[in-house]
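Novice: Would you mind keeping the following structure in view while I ask a few things?
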Amino acid sequence: VGRGAAASHCLLINDSRAPQARQRLELLVRSSDGFEIAEMDLRLRGPGQVLGTRQSGLPDLALASLTDDGDVLDLARQEASAILEEDPDLQRHPGLERALSEQRQAEAARLN
C-alpha cells in the first residue's frame, strides 16, 4: 500500500478457476473505490443473514436485494423502529412477536 505520491504495487495471486474469483480480480484491477468493491462482493457472495450472526451464504431475505433495494430496506427498518418504540413488548403485534421469537429460537439452535 502506497502513501502519498509514492508509487505502490499490489500483486493478486489466485489459484481458483471459479468465474466469481476472476470477476473479483478484474474489479480490483479496474477500481480503487471501496464502495464499488464492497457492492460487487455483496452481489457475488450474497448478503448472508440480514438480522442474524451468519456473515455469508444464502440470504434469509430472498425477495429483496441489499444493493438494489436499499431504500425499501431503510424504510422497513424505520417502520420496525417506530413499532418497537410504540410497542416495545409487541403486545399489540402478536404475530410479529411470535415471528421474532421463532427467529431467536432458530438462531440460538444454530449457534449451539
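Going left to right, the sequence shown walks through residues 45 to 156 as my numbering numbers them.
C-beta: ideal position from N, C-alpha, C; glycine also.
These figures come from a predicted structure and were not determined experimentally.
1. In whole angstroms, give me the CA-to-CA distance for A82 and G48.
2. Whole angstroms are fine: how far does the CA of D131 sit from the CA of E146?
3. I'd like to check one pair, L69 with L55: are the Cβ atoms closer than 8 Å?
4. Starting from the C-beta of L88, find all residues in its chain whose C-beta is less than 6 Å away, skip the five residues before and the five after it, and write them out in chain order.
5. Following the continuous alpha helix (DSSP H) through G114, name the residue where it begins and the one where it ends.
6. Whose C-beta lies closer than 8 Å to the C-beta of M84 among residues of the same chain, with five residues either side of it excluded?
Specialist: In brief:
1. Translated into positions along the sequence shown, residue 82 becomes position 38. Translated into positions along the sequence shown, residue 48 becomes position 4. About 24 Å.
2. Here residue 146 refers to the residue found at position 102 when the sequence shown is read from its first residue. Here residue 131 refers to the residue found at position 87 when the sequence shown is read from its first residue. When rounded, the distance between both Cα atoms is 19 Å.
3. As a working mapping, residue 55 is identified with position 11 in the sequence shown. As a working mapping, residue 69 is identified with position 25 in the sequence shown. Their beta carbons are not under 8 Å apart, which means L55 does not touch L69 by this criterion.
4. As a working mapping, residue 88 is identified with position 44 in the sequence shown. Answer for L88: Q64, listed in chain order.
5. Position 70 of the sequence shown, counted from the first residue, corresponds to residue 114. It spans G114 to E130 - the alpha helix (DSSP H) in which G114 sits, taken as one unbroken run.
6. On the sequence shown, residue 84 is found 40 positions in, with the first residue counted as 1. Once the five neighbours on either side are set aside, the close Cβ partners of M84 are Q67, R68 and L71.
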